[in-house]
Every structure is written in C-alpha cells, then in structure tokens.
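Written out below as structure tokens is the structure these notes cover.
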Amino acid sequence: MSQDVSTKDASLTKGSSLTKGSSGATDQADIAALPFERALAELEQIVARLERGDVALEESLAIYERGEALKAHCEALLKRAEQRIEKITLSSDGRATGTEPLDVET
Amino acid sequence: MSDGVTGQNFAGEGFVTNLQEWTVSGLSGALKRTLEDAFGHVRLKGEVSGYRGPHSSGHCYFALKDESAKLEAVIWKGVFSRLKIKPQEGLEVVVTGRITTFPGSSKYQIIIETIEPAGVGALMAILEERRRKLAAEGLFDEARKQLLPFLPTVIGVVTSPTGAVIRDILHRLEDRFPSHVLVWPVRVQGETSAAEVTAAIRGFNALPGAGAIPRPDVIIVARGGGSLEDLWSFNDEAVVRAAADSDIPLVSAVGHETDWTLIDYAADLRCPTPTGAAEKVVPVRRDLALRLADLGRRHGEAMARLGERRRTGLRSLVRALRRPEDLVAAPRQRLDLVAGKLAHGLAINARRHEIALSALSRRLARLSPHLQLEQSRARLARAGQQLDRCFAANSHRYARDFMRVAGRLSPHSLRLRVARGRERLVLAGDRLGHMAPEIVARRGSALERVWKLIESLGHKGVLARGYALVLDEGRQPIRSAGAVSVGMPLTIMLSDGDVDAVAVGGAGGGKVSGEKAAGGQGSGGRGVSRKAGEAVKTAPSNQSSLFDI
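Those protein sequences? They're chains A and B, same order as listed. Residues 1 to 106 (the numbering used here) make up the first sequence, in order. Residues 1001 to 1549 (the numbering used here) make up the second sequence, in order.
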C-alpha cells in the first residue's frame, strides 16, 4: 500500500519537475497528442502569464516556445479539417464490415 | 353451390325433396371458403381482451370485443415479432386481418396482420407508461449524461442515408467545421426501423478504436418530422436502452421542435432538429481560427513586451549606476577633512582625560586606608586614656563607700538569733522525753484488746464453742444441703481436728456417716473464716463495729 503511494508520489514529482524543467524541445513531445481544446486552453494560460509579466526570464522563454508549438498544433488541426463523408457497409447479419464514400446529392 | 350435393328427384316417393344433403366436412369447408372470400381482408376495431402475451409457440391468442360481441383473434409468431405496437390488455386497437374458421371445433376467428392503437390517445397512454417504467429504472437520470467532446474527430450519424435529414446535417457541419462523418444507414420508420436503429447505436459502440472503421467521438441519431406513429421506432424500448447504454456521447434529433420521443430522454443531449444537432456537435471553425489568431498575436506581443520591459529596466539600471570616481570623491574629501582634525582632537581628548584622572587621584588619596587607620589609632589612644582616668576615679569612690558600710557591719545580731533557737530546741526535747512512754503504753493496751476480740471471733473460736465446718473434696466449705449428693466424700472440721465422712442421704434429709480420722490442723482458709463470719452473724453482737476497732 505504502509502496504504491510512494511510487505514485515519485511519478508525480517527476511529472511536475518535467513541466518545470524548461528545455523546450523535450516538453513539446506531448503536444501532438493534445486535443484541440486542451491545446487552446493551455495556450490561453501561457498568454495570460506572459501578459501578466510575472514570469522569470528563463521560464518566459520556455513557455513562449511551448506557446508557439501549441499555436502551430491548433492551426494544423484547424487546417486539417475537411468534410469526409462515409457510409458504413453492413454484412448480411447487420455487422459493420467497412466504409464506402457516401454521395449525398446536395 | 352444388358441390357436395347428392340429392335427386324421385317422384312418388316420401323422400322427394330438392334440398341438398351436406357432409359435415363439406359444409365446414364451404363455410370456411365463404367466410374467407367475404372477409378476406377486414379492418376491425375493438378492445383487447384476455391477452396474456405470446404462447410458448410464439403465437398469440386472445379476443377482441366490444359492448355486446366477442371475436377470437390470433397473431402468428412471424407477424407478432414485427409489430410496432404489441397488444395490451384493455387497449383499444384497430387491426387488419382475415376471418377464417377452425373447422375442427366450429369456430371462426380473425388472423391479425397489423395492429395499431385506436387513436392518438391510446398511443400516448402506451408511451407514457413506457416512459415511466424506463425512468424508474434510472435510464433517464441526469447523472448518466455525458459531456459532448469539444471538437470530435469522427461523427457517427444514425439515420437514413438519403433524404433531407442527412443533407441538413452535412450542410451545417460543412458550414461550421468540416468533419469526418460516418453514416450508419437505417430505416427511420417501418417494422424493422427500431431494430436497425438499435443495431446501429450498439454497432458504433462496438467498434474497436484501432480498427479499419474509426470509432466516432459522438453519435447523432436523427430523423425528420412525422406523425406520432411515424416516429414510433424512436419510442422503442430497445432503441431507448441502446441510447442509454451508449458509451459514446449520443445526441438525439428526432422530428421537429415539438416532437418528443423516448430516445430524447435517454440521449446525452436532445436537439429539436437534425440541423440543431450539427450545431451542438461541432464548434465554428472560423471562430476558433480567429480566437487562435488573436491568441497567437497576443502571445507574440506579450513576449515582445516582456523583452522590451526587461531591456528598458536594464537600461535604466545601467544609467542609475554612477562612475566609481564619483562614488569615491565625496567620502575621500570627508576623510581628508577628518584626518586633519584627528591629531588636535586626540590631544584635546588626552588632556580631558588627564584632568579627570588627577581629580580622581585626589579623591583617591583622600580616601586612603592608611590615613583612616591613623585617625582610628589616635581615637583609640584618646579613648584609652579616658578609660584609665575614669577607672581610677570610680575605684576610689567605691573604696570609700565600702569602708563606710564595712564599719557598720557586726556578728552580734546573728549570735542573738542562734541563742534563741537553741533555747526552743531544749524545751521541745524535754517535752518529748515525757510523752513517749505514755503513748507506747496506750497503743499496747489497745492492741491487746483487739487481739482478744479477734480470737473470740475467729473460726477456731467458733469451732471451740462446738460448731463444725463441712468441707468438700476440694476443701471448700459447703454452705447448703443442696450442694451435697449421696456418696459424696466430705471432710468435717472440728476444733481439734478433721473427720473424713461420706454423705448418706440427698439434699435436705441427708445424713452424714463418717469415720473419725486424725485430720491435719490448720486447714482453715478463706471459706472457713467466712463460715465463721456467718456463724457470728447469728450472734447478737455487732460484727462490723468489732472489726473496726
């Protein structure tokens, strides 16, 4: 039990030190997997902190870099959006077997 | 009508008739055909009666009735499974079907093909009852509702692949945020509709995320407006349960604004129209892009401002830093100034201390212990001389006083007192010499008197007068005849000796027999003297006064 807790704590501190450590590049590995709204929310936080201006120089550089990466990620997600319409194809017993393009006359 | 008829015309005979003669089977078959021809497809209104669910065979047997008549009804298994609305005891229904007979038992019945509630009221009653039942199970609880994803990657749509509904949805999605849409084609009305919708919802949920078909992040179940009956599939219990069970957030958009179906209660979000669903499911891309652009601009600006502020701060700090010479000049000047005054100040200071020191040493000399000792010694010498003088004067005076008192002192008075005392002593000695023999003689005669009296009153005196004292074995005096038992050894004490005896009789009339023996003298003791006392009591003289002498 106590071992569980300690390992959990260790992982927590490791996590927090990771976000505090500001080597930029390693920090941004997780961004690619972030959903749009999470990335946007984090970018908002960073902008708010920079605008408040109460960030140490080193950290401001780090979070600025991360902000840029978040922005790029969000833009990519928005740009990637395109309508793609497919229809499920069904087997005779009603199970989904695959997809085919669906042409809805518009 | 001539089938099965065997009659012939025999003139002159008793059985002459043109009436057809039927066999039972023939007539029954004819009736069956007649009824089926005449009532091959009827629409019948009545109340369900005696309904107890499907038989184990899967077929249903019950009756339809009105105020005055009753008709047996059958729903075959295949028909029953396709029914949108199942029969319900007491439900007013309109059925379609055909009348047929059951020749084996002379019955006719209706074989039902479709069944629907008679009027909207009946349908609403069913709907309400089902809603209440499912709500009681907790299927519609707010706590079960899931949040829709902010920006779904894949949107699943359960609806007809043709028609206005899917078109509306796709249009609105295109406007707001073009997305990947997966349509699961279903019939949205008709017998199989409910089963298809159920399968579609469960099918989307069953997709493994990593498979060839992407798993949707959100599901829209949609249908255009229609009558209550048209929308009936979406009130189906299986559909409602599938919607409630869906792990993927589910949006319902069935009918128009005012149409409510049971799937709306079970859905995570109910939208009044398919278009509304599309709006709830995705944000507007343009808005997001604007917001992102704004954020990006602010991001850059904030950073630039931060840098600029730091630069400015640094610059002003640098400016605020003065040249080292300037920093040193003023203190140096002060140092010089002060150093010049140093020697003078030192001398003044030393002088001041010197003065203070000499004052102090003067005070110290005044307080020297040698001086004080000298003074004390002189005081002591003076006091010594004074003491000598005083002593001499005192002793002289005391000597004078002594001589005066000593002259008055002589032994004459003492001698006088001694001579007087001696005279008194001689006088007293003489008186004593006269009185002593007289006192001795008086006391001697008194003693003699008493002694005589004692002798006469002692127990021996009593014994000498002829009385005897009886003792028991323990030589204790016996005072009562009751204390003597027969055969008890006794000792009789007489004045000149003891006699041992044995008691012959009991208390009261007892006699004593005994033999004389030379008993020892001086047995006496307390008991005897008491006996003597009692014996004397009988004498008229006053005993106590005698003893008191």
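No residue lacks a Cβ here, since even glycine has one placed at the ideal position from N, Cα and C.
If residue i and residue j are in contact, beta carbons under 8 angstroms, what's the gap, nearest whole angstrom?
i: residue 1244 of chain B; j: residue 1144 of chain B; result: 7 angstroms
i: residue 100 of chain A; j: residue 87 of chain A; result: 6 angstroms
i: residue 1215 of chain B; j: residue 1154 of chain B; result: 7 angstroms
i: residue 1091 of chain B; j: residue 1122 of chain B; result: 6 angstroms
i: residue 1299 of chain B; j: residue 50 of chain A; result: 7 angstroms
i: residue 1225 of chain B; j: residue 1255 of chain B; result: 5 angstroms
i: residue 1064 of chain B; j: residue 1044 of chain B; result: 6 angstroms
i: residue 1274 of chain B; j: residue 1165 of chain B; result: 5 angstroms
i: residue 1251 of chain B; j: residue 1231 of chain B; result: About 16 angstroms; that fails the 8 angstroms criterion.
Considering residue i, what are the terminal residues of the beta strand (DSSP E) in which it resides?
i: residue 1504 of chain B; result: Residue 1504 of chain B -> no beta strand (DSSP E), and no H or E assigned at all.
i: residue 1470 of chain B; result: 1469–1471
i: residue 1116 of chain B; result: 1107–1117
i: residue 1184 of chain B; result: 1180–1185
i: residue 1335 of chain B; result: No beta strand (DSSP E) contains residue 1335 of chain B, which is instead part of the alpha helix (DSSP H) from 1324–1366.
i: residue 1154 of chain B; result: 1154–1159
i: residue 1251 of chain B; result: 1250–1254
Locate the alpha helix (DSSP H) running through residue i, then write down its first and last residues.
i: residue 79 of chain A; result: 57–80
i: residue 1292 of chain B; result: 1285–1320
i: residue 1407 of chain B; result: 1369–1408
i: residue 1097 of chain B; result: Residue 1097 of chain B -> not in any alpha helix (DSSP H); beta strand (DSSP E) instead, spanning 1092–1102.
i: residue 1213 of chain B; result: Here residue 1213 of chain B belongs to no alpha helix (DSSP H), and DSSP marks it neither H nor E.
i: residue 1121 of chain B; result: 1120–1136
i: residue 1446 of chain B; result: 1412–1457
i: residue 1078 of chain B; result: 1077–1082
i: residue 1266 of chain B; result: 1262–1266
i: residue 1243 of chain B; result: 1237–1245
Can you look up residue i in the DSSP assignment and give me helix, strand or coil?
i: residue 91 of chain A; result: coil
i: residue 1060 of chain B; result: strand
i: residue 1020 of chain B; result: coil
i: residue 104 of chain A; result: coil
i: residue 1498 of chain B; result: strand
i: residue 1491 of chain B; result: strand
i: residue 53 of chain A; result: coil
i: residue 1049 of chain B; result: strand
i: residue 1149 of chain B; result: coil
i: residue 1198 of chain B; result: helix
i: residue 1170 of chain B; result: helix
i: residue 1272 of chain B; result: coil
i: residue 1034 of chain B; result: helix
i: residue 1069 of chain B; result: coil
i: residue 40 of chain A; result: helix
i: residue 1027 of chain B; result: helix
i: residue 1281 of chain B; result: helix
For residue i and chain A, any beta-carbon pair shorter than 9 angstroms?
i: residue 1177 of chain B; result: yes
i: residue 1022 of chain B; result: no
i: residue 1275 of chain B; result: no
i: residue 1260 of chain B; result: no
i: residue 1196 of chain B; result: yes
i: residue 1253 of chain B; result: no
i: residue 1102 of chain B; result: no
i: residue 1166 of chain B; result: yes
Can you say whether residue i is buried or exposed, counting buried as having 16 or more other CB atoms within 10 angstroms of its CB?
i: residue 57 of chain A; result: exposed
i: residue 1459 of chain B; result: buried
i: residue 1246 of chain B; result: buried
i: residue 1239 of chain B; result: buried
i: residue 71 of chain A; result: buried
i: residue 1207 of chain B; result: buried
i: residue 1369 of chain B; result: exposed
i: residue 73 of chain A; result: buried
i: residue 1382 of chain B; result: exposed
i: residue 1355 of chain B; result: exposed
i: residue 1457 of chain B; result: buried
i: residue 64 of chain A; result: buried
i: residue 1196 of chain B; result: buried
Any beta-carbon of chain B closer than 9 angstroms to the one on residue i?
i: residue 28 of chain A; result: no
i: residue 31 of chain A; result: no
i: residue 37 of chain A; result: yes
i: residue 96 of chain A; result: yes
i: residue 92 of chain A; result: no
i: residue 62 of chain A; result: no
i: residue 51 of chain A; result: yes
i: residue 24 of chain A; result: Only weak support exists for where residue 24 of chain A lies, its pLDDT of 45 falling under 50; the value from the coordinates is given anyway. For residue 24 of chain A, the answer is no, since every Cβ of chain B falls outside 9 angstroms of its Cβ.
i: residue 34 of chain A; result: no
i: residue 81 of chain A; result: yes
i: residue 58 of chain A; result: no
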